[in-house]
Each structure stands twice: as C-alpha cells, then as structure tokens.
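For reference, the structure discussed in these notes is given below.
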Amino acid sequence: MLGLMQDWPLLVSKIIEHAAVNHGDVEIVTKTVEGPIHRYTYADCHLRAKKVAQALERYGIQPGDRVATLAWNTYRHVELWYGISGMGGVAHTINPRLFKDQIIYIANHAEDRVMFLDTSFVSMIEEYQDQMKTIETFVILAAEEHMPETSLKNAICYETWVEAEDGDYDWPKLDENDAAGLCYTSGTTGNPKGVLYSNRSNVLMSMVATGRDVLGNSSWEVIMPVVPMFHANAWGIPYGTAAVGAKLVLNGPHFDGETLHDLIEQEEVTSTAGVPTIWLGLLNYLEETGKRLDGVKSVLIGGSAAPLSMIIAFERDYGVSVRHAWGMTEMSPLGTIGAMTRETVKWPDEARWELKCKQGRAILGVEMKIADDDGNLLPRDGKTFGHLLVRGPWIASEYFRGEGGSILDADGWFDSGDVATIDERGFMQITDRAKDVVKSGGEWISSIELENAAVGHPDVAEAAVIGVPHPKWSERPLLIIVPQEGKSVDRAEMREFLTDKVAKWWLPDDVVTVDELPHTATGKILKTELRKQFEGYKLPDA
Ligand code: ADP
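Position in the sequence shown (first residue = 1) + 1 = my numbering.
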C-alpha cells in the first residue's frame, strides 16, 4: 500500500525560494573580487537567480545542458548556482586551480555551452579558449565599469545580461532526479571524472547536513564556508545556510589569514569550514598578531586529515570547537562527522582531542563499512584497517558518461579508495589512501598518521610520507618535511621526536627537507608528483 502524502520534489530551487520567503532579509556578504564588501539578502539572491534562469532560457539553454562556472565564492556565484540548477540546467563548477590540460579536458568532456567566469580568470581562459570546443559564449562576472579588454569570443558583461531580465519567473517543476550540478574529481590519477549531482541528492544531503550534530546550522548563526564552491559544492554549506536562513559570508578570492580574520570580526562569523591548509594560514596570522577568534564557536575541518596540533590550537588556545569531517566529491561530499556523543563530551580535553583526530561517525544517509582485499567485512574494533566502502542516496552510482566503467560492487557499495578503521562507537579513522599506504614487510604503515605525528614538531610546517622501495622490506617510509621559516630538523632529531608517537617499525628510514611540497588543486599533497621527484631515492641502510 502506498502512503498518501504529497508529491513535493526535492528541488534545489525550493531551497532558495524558502530562504527568500522565510528569511528574506538575512544577508549574504561577499568580499568581492574587486575588493569592496558587497551585501544583499536572500530575497535579492532569489530574484537574481530567477533573472539568471530567464536569461539562460532566453539564450536557449535546454534542460540538462551544462553551464560552466569558473568562479570564487561570491554572491554572483551563489545566484548563478541556484539559477542554473533551478531552470533545469547543470551547474558545472570548474576548479580554476586545476592544470591547463585538465580544465580544457573537463570543459570539453562536459560539453559546456556557456562559461561564467570571474575577471581573475579572463586572461587564463583567453589562452585556453581555442581548445575548448563546445563553449559558445563567455559571460564575465562583472559590471560594465569593471569589464576587462578581452579577446574571449562572444564575451558578455554579466550585470548587463542579468539586469536585462525582470525576475518574473516561476521555477519549473523538475523531476527531483534531474541533474543539478557537475563536479570533476581532481584526478590525481588518470583523467578527472565527472560526478553528476541530482536535485534530490543535493537537497537531501543539505537537509541532513544542517543538523545540530553535523554542520549545526541555525538562523542565528553567521557561516563562512572558506571551502570553495568548486570543491564539491563547498561541502553543501551554501544550501544549508539558505535552508535555515543563516547569514552567509563569502571570502571571494581572498584566503589570507588577515582577510579571513577581518571578515570573521566584522561580520561576526560564528561558524566556518575549510581544509587544513587554510587554517594553518589563519592560525599563523593569529599567533603573529595576538588576535583572537572570540565570536567563532565552531570550525569544520575536512578534505585532508586535521592534525592533532591544529585541533588543540583551535580548542585550547582560541576556544573554537573543531568538527572533523570526511567525504569526497563522489559523496556530495559529506560522509562522516566527528561530533561528540553524550559520553565522549565528558572526556578530559586530551582524550577528546585525540578522538577528534578521527573523522567521525556516518551521518544518516551514509552506510559505511570496512572490508579486506577479498571483500570480507572487518571488525569495528578501532584497530583493524581495511578498504572503506560507502553506500547512500548522495553517493555516485557512476561517473559522467560512464567514465571508468562500473564503480559499485554487486551490493551497491562504492570503494572510497581510503583505508580506515572503525571503532566500537562507530568513529571512523582514515589511515591512508589505499595507494599511499607504505607496505613494509607485508604490514601497512599509514602515511597520514606519520605525517600528522611529524607536523606535531614545533619546527615543522608541513610533512609528507611516501613509500620508497627497499630490498628487504619491499617499501620503507621516507619523510619529507618543510620546516618552519628559519628552522631545520634533521633525521636523528625527527626520529627521536617520533619515538613515543608511532610504533618503532614505523619510524621513517630517512628525513629530507624541501622548500615546498606539491599540492593538488584542492590543497592535498600530490603524492604522485612526490613519488616522481624521489624516484630512485636511496635510503641510508638499503
Ligand atoms: P573533497 O573534494 O571533499 O576534498 P576529493 O574527492 O577531492 O574530496 O577527495 C576525497 C578524499 O580526500 C577522500 O577520499 C580522502 O582521502 C580525503 N579526505 C577528505 N576528508 C578527509 C579527512 N578529514 N581526513 C583525511 N582524509 C580526508
């Protein structure tokens, strides 16, 4: 027997419509590409999103057509996002930090018809445009007075284009399974692959993610996602803020500690989110200036493991509660969150900080398990590592255009490519990417755990571990460090420092100092590149 409830499709347009009706006067504040602060409200955003939809229809964008954005987190990007998905188009957020060949590949693979781009990217795209085969028109996200001279074909001024419309528009009643967004994985191996989000998956994830134990959104919060919208929908945060009517603060292209701190103070930010590299910059700035983070209640850290030292700095030194999260582009991206339980919230600080190094428990809508190489279920004992598999309504079932073939096993599980433990309480901890574990004498050494221990050294700014071939052990760990400015740490000192932090046989065989580490476009250490750099490296006793 079927239930007798209304058919109310889960559409992205419903989110911004709800915000405009119920929280219409709440602000979206942007530190713009041009520099000054821009303010408007959810009601303004909704109106402009409708104008975007009208303009796209007038242009001839059909349901399912891909429309690219190459843009920072700004109010224009937000209204575009809602406008494109709301009218039935697919908002394809391109990561501008990808390499030239990847950006060209992605735009061609997606068959983007129109590209909206910030002025920051005009000269870059002028150079690429001849190789982007399907883009007919480039819309530059600026007002007439800021329009650059450009050789981009059919270049249009966004403000003129949008403001030609009147906003008298009804959102179409799409099927909730219609595609809403497209985001390519960073492609650290092989070509980038497209993850095609639906209206339903975006809305469902945002509804769950607003919960108190997840992002903890509420109408009296001021939320600043420093994670870019081209990085897996800014982890869904701009949807979640609109869903509850929280004030949204956007940092545009400004990621330095000083600007982030100014925004936090001036806009009274209570909650923020980003990758560890961003927080390193902010924490350094606070240390140098003696400034505080007094209004901030929580920081969401994800994308890479949050090191213990960072968790302690936020919680002990600045009184900011850390929420450690794990996910991936294929998961829209939220999978787990390290919210405390009724029991663990009472633990002594040190024990809680250790627990917060784990990536946390699955949220409703994500099933998760660990399995061995043969697919056998492994115990939830907090010690046994295995392949981390996930399943749920906002997890990809295949890549765009079937790239890479089938990605689910017979029972519908998706292999995250991560290796993890899950403890008795359900707290998952990533021990590594499957391809990054160091396989020493048949046992696995977690490169992440070693890196996290190494960055706990006061003179180390960043650390990476790779496996280097070894005649006896097959592989042994090599630790590569970037020291803090003016400091140095040698092999003996580092091994001594690590002695009580990791098992003896995990100690790196050698420690090398470099000026900088290569990073992917989403701020993760690019291990493939490091392995190339250190190809043929001879360990001291090998
Ligand atoms: P995202 O866009 O969310 O960073 P990507 O698809 O680029 O996602 O990368 C996902 C991978 O990033 C995960 O499979 C995992 O290896 C890593 N990752 C994400 N969050 C964490 C975390 N909190 N700790 C450790 N690794 C993480």
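Every residue, glycine too, gets a C-beta built ideally from N, C-alpha and C.
Distance CB(residue i)-CB(residue j) smaller than 8 Å
i    : j    : result
V68  : V91  : yes
K248 : E35  : no
S333 : Y185 : no
W507 : P478 : yes
N155 : D179 : no
V456 : E268 : no
I141 : A108 : no
H78  : M230 : yes
H458 : V490 : yes
R381 : I423 : yes
L12  : E177 : yes
L301 : A326 : yes
K359 : M429 : yes
A20  : A243 : yes
A421 : R98  : no
D373 : G387 : yes
A465 : I446 : no
R324 : G339 : yes
L379 : T385 : yes
S14  : G87  : yes
Cβ-based burial, residue i [other Cβ within 10 Å; buried from 16]
i    : result
K440 : exposed
E331 : buried
E444 : exposed
D419 : buried
L153 : buried
N218 : buried
M2   : exposed
G328 : buried
S124 : exposed
Q63  : exposed
P472 : exposed
V245 : buried
L365 : exposed
T432 : buried
T161 : exposed
M6   : exposed
C-alpha gap between residue i and residue j, whole angstroms
i    : j    : result
G258 : A143 : 26 Å
D350 : L356 : 10 Å
L451 : V503 : 7 Å
Q55  : Y240 : 21 Å
G320 : M341 : 16 Å
G383 : G275 : 26 Å
T211 : V196 : 22 Å
G4   : K174 : 21 Å
K488 : V461 : 8 Å
A454 : G304 : 18 Å
N285 : R426 : 34 Å
G296 : I265 : 8 Å
D169 : D410 : 47 Å
H39  : I371 : 46 Å
E530 : M206 : 34 Å
V552 : W474 : Coverage of the chain is limited to positions 2 through 543, which leaves residue 552 absent and any answer about it impossible.
W280 : D8   : 43 Å
S448 : E145 : 50 Å
P10  : I16  : 12 Å
L582 : P37  : It is not possible to answer for residue 582, since the shown part of the chain is limited to 2 through 543.
V367 : F415 : 11 Å
V223 : K52  : 26 Å
R1   : Y83  : Outside the shown range of the chain, which is 2 to 543, sits residue 1, and nothing can be said about it.
Y442 : E476 : The question names Tyr, yet the displayed sequence has Gly at residue 442. Distance between the alpha carbons of G442 and E476: 7 Å.
W395 : M369 : 13 Å
K194 : F401 : 7 Å
N96  : M311 : 26 Å
E128 : P519 : 24 Å
S1   : I408 : A question about residue 1 goes unanswered here, because the residues of the chain that appear run from 2 up to 543.
Supposed close pair residue i, residue j - CB separation, criterion 8 Å
i    : j    : result
T271 : K298 : 5 Å
R492 : D511 : 6 Å
Y41  : H24  : Actually they are not in contact, since the Cβ atoms of Y41 and H24 sit about 13 Å apart, beyond 8 Å.
G524 : T278 : 5 Å
Y538 : V469 : 5 Å
R33  : G253 : Note that residue 33 is Thr in the sequence shown here, rather than Arg. Confirmed, about 5 Å.
D283 : L261 : It should be pointed out that residue 283 corresponds to Leu in this sequence rather than to Asp. The Cβ separation is near 5 Å, so the contact holds.
T138 : I126 : Between I126 and T138 the Cβ distance is about 12 Å, and since that is not below 8 Å, they are no contact.
T75  : L251 : 6 Å
L57  : A111 : Not quite, the Cβ-Cβ distance comes to about 16 Å (not below 8 Å), so this is no contact.
Y159 : F117 : 7 Å
N192 : Y106 : 6 Å
beta-carbon residue i near ligand 2 non-hydrogen atom, thresh 7 Å
i    : result
D419 : Ligand 2 is not part of this structure, which contains only ligand 1.
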